[in-house]
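Right, one structure below, let's go through it.
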Amino acid sequence: MPRQYHRMLGSRTYSDYSPDMLAECLNQVKNGEISQRQAAAQYKIPRKTLYSKLKNKHACKPGHPAIFSEEETEFEKCILSLSDYGFRVDSFDLRMVIKNYLNQQGRNIRQFANNTPGEDWLKSFLKRRATLSLRFAESIKRNRAAVNEDTLRQFIENLSTELENVPSKNIWNFDETNLTDNPGQKRVLTKRGCKYPKIRNSSKTSFSLMFCGSAEGELLPLYVVYKAQHMWSTWTEGGPKYTRYASTPSRWFDGAVFTDWFEGQLLPRLKKLEGKKVVLCDNLSSHITVKTLKLCKENNISLICLPANSTHLTQPLDIAFFRLLKIAWRKILANWKESEEGISYTVLQKQHFPPLLTKLMQAIEPNTVANLKSGFRKCGIVPINVELLQRLPQGCNQEAIENSFIANLDNRRQEVTKPLRKTRKRMNIIAGKSISAEDVFGNEEVENNIETPQNSTNKDDILCNDSSGDDVETEMKEANDEADFINVCNELASGMKSKDLLQLQPIVRQVERYVAFTYEGEIFAGQIVYFNDQEVTISAMQKSLKCWKWPAKADIMSYPWEDVKGGLDAPKQISKRGLYAIPQLAAFWEK
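Per full-length UniProt numbering, the sequence shown starts with residue 1, numbered consecutively.
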């Protein structure tokens with residue numbers, strides 16, 4: 001049969017009636033209410049068809065039977081199992097799996113070219129299997145895939161204790177998201193072969209928003225953060241009622257902006273509630289400040305962090321709110337870009353964002369309460385249940401799939417979720433001598449007896465200079481400089497007295513100044529981002545062996561001035577790999 005069947009003119013109609021109409025007609029004939037001729041004339045059903053149905057002839061469905069019967073069920077179970085384990089199967093993968101299966105069985109299906117199922121067979125297969133569907137794959141990071149049942153079970157147990165006797169109106173969840181200046185793509189009618197049929201401006205501009213909702217379905221007023229040094233009055237006109245606006249150089253919610261949102265938006269609402277209040281949030285450093293924790297303690301508020309890398313399972317706003325929000329935003333943005341006002345701008349200007357945000361909140365308002373409640377319910381938070389655990393990959397039994405297949409899935413998932421790097425340690429080897437695996441792992445005495453070579457590098461000249469020579473020589477020089485700096489730090493930490501150590505400089509309250517500060521009993525280096533009379537916001541550096549480096553994601557937090565111990569010289573880069581030297585902190589490192 002062709003892919004799209006077209007009935008020829010003049011041919012008879014075939015099965016021009018519904019199954020319900022046929023069943024009603026047969027019941028009347030069986031009960032003797034009407035004859036077969038009368039039924040055929042009344043229901044427009046051929047008399048021969050009624051006769052065959054009454055005699056139970058041609059009980060099987062017309063057409064070629066399915067090529068696979070029991071195999072299709074197993075294919076379906078395998079696909080579902082792979083999906084649970086985080087490995088998505090596309091249409092090409094399924095067709096290749098079936099081809100390999102047929103080749104292994106020695107079967108040759110004449111309907112399949114080269115024994116490979118076609119797209120038409122795949123469409124029919126999906127029609128027969130209602131549990132399967134084709135959709136875009138959504139990638140998750142390796143650390144998200146590593147979230148296991150034990151972590152979530154412990155989270156639910158601890159949460160059930162915290163939420164005991166707490167009403168749903170006192171349980172809140174906040175999370176930040178962004179709205180971009182890109183309405184997405186959609187199919188349009190155009191001339192065949194036209195590559196760029198639509199002209200519409202878009203950019204990478206985005207706006208950060210803080211949303212906060214309760215398990216009762218209440219949504220707090222919004223908080224918008226622009227990427228700018230200063231705020232202008234036109235950026236706040238026409239926005240939703242009671243919305244607050246701020247700006248940061250990075251468009252992120254840093255510690256100062258988050259504290260302002262907490263004091264101005266969330267705290268006044270929580271003060272009106274009686275009893276214990278519970279606020280769920282992700283464990284971002286900017287969301288946990290000293291001032292915020294003090295306010296929570298004073299107002300009987302429990303700030304509970306969700307398990308790391310699990311917000312796709314435990315964040316109510318992520319589960320049931322943000323997706324519909326983004327869909328509505330793309331529609332509103334697309335309509336604005338087609339309007340007389342929007343078509344003349346290449347970028348969504350900040351003064352145009354508040355009115356569009358008002359339209360967005362009006363569009364999602366009818367479903368806001370239901371979506372918030374379903375988000376808390378889906379995450380297993382309100383009410384507390386184990387529905388959250390059911391969304392994790394489950395082990396398949398023997399009826400679903402063979403044990404060998406499950407073992408293969410377990411191995412593949414362990415390969416994906418295991419750490420990519422193995423912990424290593426630097427070995428000091430005497431020049432001209434070799435070393436074996438037994439010396440490292442089997443005989444610790446051999447390792448302890450290896451003499452450390454004396455280093456002739458001057459402590460003041462350990463920093464490397466850029467060289468235009470060979471790349472290999474440059475990398476070796478950088479590695480030697482890093483090793484020299486580590487040896488110097490070890491000598492400083494172990495051999496020098498405290499009075500001989502390099503003294504910290506006086507504290508200079510100025511942006512971009514480097515300072516040494518303490519956090520949880522350890523000393524760190526960082527750069528001042530913002531400060532006032534009470535506290536200072538610092539972008540902290542990260543330890544790397546005996547050196548320092550900037551983290552991949554900025555670690556910006558607010559600290560009281562009492563935690564700042566002194567000033568530092570600007571760190572000096574000792575490697576193109578992003579390692580910096582701070583000799584003034586050498587003695588504070590772990591010995």
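Beta carbons: idealized from backbone N, C-alpha and C, even for Gly. Since we're looking at a predicted model, the values are computed, not measured.
According to DSSP, is residue i helix, strand or coil?
i: residue 119; result: helix
i: residue 257; result: helix
i: residue 433; result: With a pLDDT of only 46 at residue 433, under the threshold of 50, the placement of this residue in the model should not be trusted; the figure read from the coordinates follows. Residue 433: coil per DSSP, three-state reduction.
i: residue 166; result: coil
i: residue 128; result: helix
i: residue 377; result: helix
i: residue 73; result: helix
i: residue 229; result: coil
i: residue 335; result: helix
i: residue 465; result: Note that residue 465 scores 39 on pLDDT, short of 50, meaning its location in the model is unreliable; the coordinates nonetheless yield the value given after this. Of the three classes helix, strand and coil, the one that applies to residue 465 here is coil, per DSSP.
i: residue 278; result: strand
i: residue 235; result: helix
i: residue 369; result: helix
i: residue 265; result: helix
i: residue 28; result: helix
i: residue 223; result: strand
i: residue 330; result: helix
i: residue 271; result: helix
i: residue 18; result: coil
i: residue 577; result: coil
i: residue 51; result: helix
i: residue 346; result: coil
i: residue 546; result: coil
i: residue 353; result: helix
i: residue 472; result: Because the pLDDT of residue 472 is 40, which lies under 50, any placement of that residue in the model is unreliable, and the number read from its coordinates should be weighed accordingly. Three-state DSSP puts residue 472 in a helix.
i: residue 59; result: coil
i: residue 570; result: coil
i: residue 113; result: strand
Determine the burial state of residue i: buried for a count of at least 16 other Cβ atoms within 10 Å of its Cβ, exposed for fewer.
i: residue 511; result: exposed
i: residue 92; result: exposed
i: residue 293; result: exposed
i: residue 78; result: buried
i: residue 526; result: buried
i: residue 327; result: exposed
i: residue 159; result: buried
i: residue 32; result: exposed
i: residue 344; result: exposed
i: residue 224; result: buried
i: residue 173; result: buried
i: residue 297; result: exposed
i: residue 346; result: exposed
i: residue 462; result: Only weak support is given to the placement of residue 462: the predicted model assigns it a pLDDT of 37, under 50, and the question is left unresolved by the model.
i: residue 163; result: buried
i: residue 131; result: exposed
i: residue 551; result: exposed
Which residues bound the beta strand (DSSP E) around residue i?
i: residue 565; result: 564–567
i: residue 175; result: 171–180
i: residue 519; result: 514–519
i: residue 525; result: 522–531
i: residue 537; result: 535–540
i: residue 245; result: 244–248
i: residue 304; result: 301–305
i: residue 209; result: 206–214
Locate the alpha helix (DSSP H) running through residue i, then write down its first and last residues.
i: residue 103; result: 91–105
i: residue 160; result: 149–162
i: residue 557; result: It is not in any alpha helix (DSSP H) - residue 557 instead sits in the beta strand (DSSP E) that spans 555–560.
i: residue 505; result: Segment: none, residue 505 is in no alpha helix (DSSP H) and carries neither H nor E.
i: residue 41; result: 36–43
i: residue 290; result: 290–298
i: residue 7; result: No alpha helix (DSSP H) contains residue 7, which DSSP labels as neither H nor E.
i: residue 320; result: 316–320
Pull up the CB-CB distance for residue i and residue j, whole angstroms please, since I reckon it's below 8 angstroms.
i: residue 580; j: residue 549; result: 6 angstroms
i: residue 72; j: residue 110; result: That pair is no contact at about 19 angstroms.
i: residue 524; j: residue 517; result: 6 angstroms
i: residue 210; j: residue 263; result: The pair is not a contact, with the Cβ atoms about 13 angstroms apart (cut-off 8 angstroms).
i: residue 324; j: residue 299; result: Incorrect: roughly 32 angstroms between the Cβ atoms, too far for contact.
i: residue 26; j: residue 54; result: 7 angstroms
Taking one C-beta from the region 305–324 and one from the region 162–170 each time, how about it: are there three or more such pairs within less than 8 angstroms?
no
Quick check: the region 229–243 against the region 352–360, are at least 3 beta-carbon pairs closer than 8 angstroms?
yes
Does the count of Cβ pairs from the region 270–277 and the region 112–124 closer than 8 angstroms reach three?
no
Counting pairs of beta carbons, one from the region 322–342 and one from the region 214–232, are three or more of them closer than 8 angstroms?
no
Given 8 angstroms, three or more beta-carbon pairs between the region 364–376 and the region 249–257
Cβ pair count under 8 angstroms is below three, so no.
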